[in-house]
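Participant:
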Amino acid sequence: MMSTNKKISLTVISLTVFMFIFVFLQNLLFSSTNLENSKLVINKEIDSHILDSIQASNIVLFFGYVGCTDVCTPLLHELNAMYSSAAFEELQGSTAIVFVNLIPESKSDQAQLFASFFNNKFIGLHLNKQELYSIDRKFSLFYSPSISDKNELSHSDSIYLLKKKDTRLILENIYMTHPFNAMQLIQDIKDNS
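The numbers in the working numbering rise by one with no breaks, and the one at position 124 of the sequence shown is 179.
1) If I'm right that I109 touches A170 with Cβ under 8 Å, what's the distance once you round it to whole angstroms?
2) Within the region 150 to 198, note down every full alpha helix (DSSP H) run reaching 4 residues or more, in order along the chain.
3) Report buried or exposed for D107, applying the criterion of at least 16 other Cβ atoms within 10 angstroms of its Cβ.
4) Would you mind reading off the limits of the alpha helix (DSSP H) that contains N228?
5) Taking only the alpha-carbon atoms, compute the straight-line gap between D243 and A166 and give it to the nearest angstrom.
6) From L216, I225, F172, K99, pick the residue whose C-alpha is nearest to that of F235; which is it?
7) Sort V126, A111, F172 by Cα distance to N135 and report the nearest one.
8) Which residue wins for smallest C-alpha separation from V155, given the options H233, F177, I101, K218?
9) Judging by CA-CA distance, which residue of I202, F117, E144, A142 is the nearest neighbour of L131?
10) How is G122 classed by DSSP in three states: helix, strand or coil?
11) Hey, could you find the ends of the alpha helix (DSSP H) I244 is sitting in?
12) Should L196 and S211 be called a contact, given that it needs their Cβ atoms to be closer than 8 Å?
13) Which residue from C127, Y138, K62, V115 puts its Cα closest to that of N228?
14) On the three-pair Cβ rule with 8 Å, is the region 158 to 165 touching the region 119 to 129?
15) Would you list the one or two residues that DSSP bridges to L217?
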């Protein structure tokens with residue numbers, strides 16, 4: 056029988072290998088992209104009905120889970136600082152900051168409560184399992200249950216910039232570094248608006 060330490064080591068190694076494979080697959084999925092200024096430039100139409108109800112022409116999208124303290128909380132604080140800045144003021148009317156909860160078993164109102172804790176204008180979306188499965192490949196999401204706590208997830212921490220153009224939804228960029236470059240994101244929202 057395998058010892059607990061060996062099981063943990065194998066699990067950590069497996070997750071590390073999976074993360075490298077995930078990044079590789081993400082690059083393959085968006086093969087027509089290029090990396091510039093710590094972002095993947097995508098510029099592809101994407102079909103995502105979960106965002107149909109959002110009226111803003113610019114969507115800053117983040118996937119996480121309610122109660123996440125190590126990734127989501129700091130990132131949502133950063134997004135709030137950007138959203139509340141003078142540089143972003145002119146974009147507030149045309150831009151929605153959207154948090155999508157990756158735990159479908161949570162209560163449906165929890166995503167909105169969590170997002171609005173950081174800014175009352177932020178939108179929190181709760182998805183059921185089917186909706187979540189329908190978008191995870193579209194956005195190259197990585198998330199898996201935590202080894203140490205069943206109520207936590209390991210998940211990617213990318214920020215997505217989408218723009219509505221006529222009836223189409225365009226995935227413009229994926230920002231992968233943290234802290235993210237707020238001025239770059241603001242400029243990207245202003246471009247092509």
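From the three backbone atoms N, C-alpha and C, an ideal C-beta is built for every residue, glycine too.
Facilitator: On the basis of the data shown:
1) Taking the first residue of the sequence shown as 1, we reach residue 109 at position 54. Taking the first residue of the sequence shown as 1, we reach residue 170 at position 115. Incorrect: roughly 13 Å between the Cβ atoms, too far for contact.
2) 165 to 173, 184 to 191
3) Position 52 of the sequence shown, counted from the first residue, corresponds to residue 107. So D107 counts as exposed.
4) As a position in the sequence shown, residue 228 is number 173, starting the count at 1. Per DSSP, N228 belongs to no alpha helix (DSSP H); it is in the beta strand (DSSP E), 223 to 230.
5) The count along the sequence shown starts at 1 and reaches residue 243 at position 188. The count along the sequence shown starts at 1 and reaches residue 166 at position 111. Taking the straight line joining both Cα atoms gives about 26 Å.
6) On the sequence shown, residue 235 is found 180 positions in, with the first residue counted as 1. Ranking L216, I225, F172, K99 by Cα distance to F235 puts L216 first.
7) Here residue 135 is taken as the residue at index 80 of the sequence shown, counted from 1. N135 has its Cα closest to that of F172, out of V126, A111, F172.
8) For the purposes of this step, residue 155 is taken as the residue at position 100 of the sequence shown. Put simply, of H233, F177, I101, K218 the residue whose alpha carbon is nearest the alpha carbon of V155 is F177.
9) Taking the sequence shown and counting its residues from 1, the one referred to as residue 131 is at position 76. Closest by alpha carbon: F117.
10) If you number the sequence shown from 1, residue 122 lands on position 67. If DSSP states are grouped into helix, strand and coil, G122 belongs with coil.
11) To locate residue 244, count along the sequence shown from 1; it is residue 189. Run containing I244: 237 to 245, per the alpha helix (DSSP H) assignment.
12) In the sequence shown, the residue the question calls residue 196 occupies position 141. In the sequence shown, the residue the question calls residue 211 occupies position 156. The answer is yes: Cβ separation under 8 Å.
13) By one-based count along the sequence shown, residue 228 stands at place 173. If we check each option's Cα against that of N228, V115 comes out closest.
14) yes
15) Working through the sequence shown from its first residue, we reach residue 217 at position 162. According to DSSP, which records beta bridges pairwise, L217 is partnered with I114, L226.
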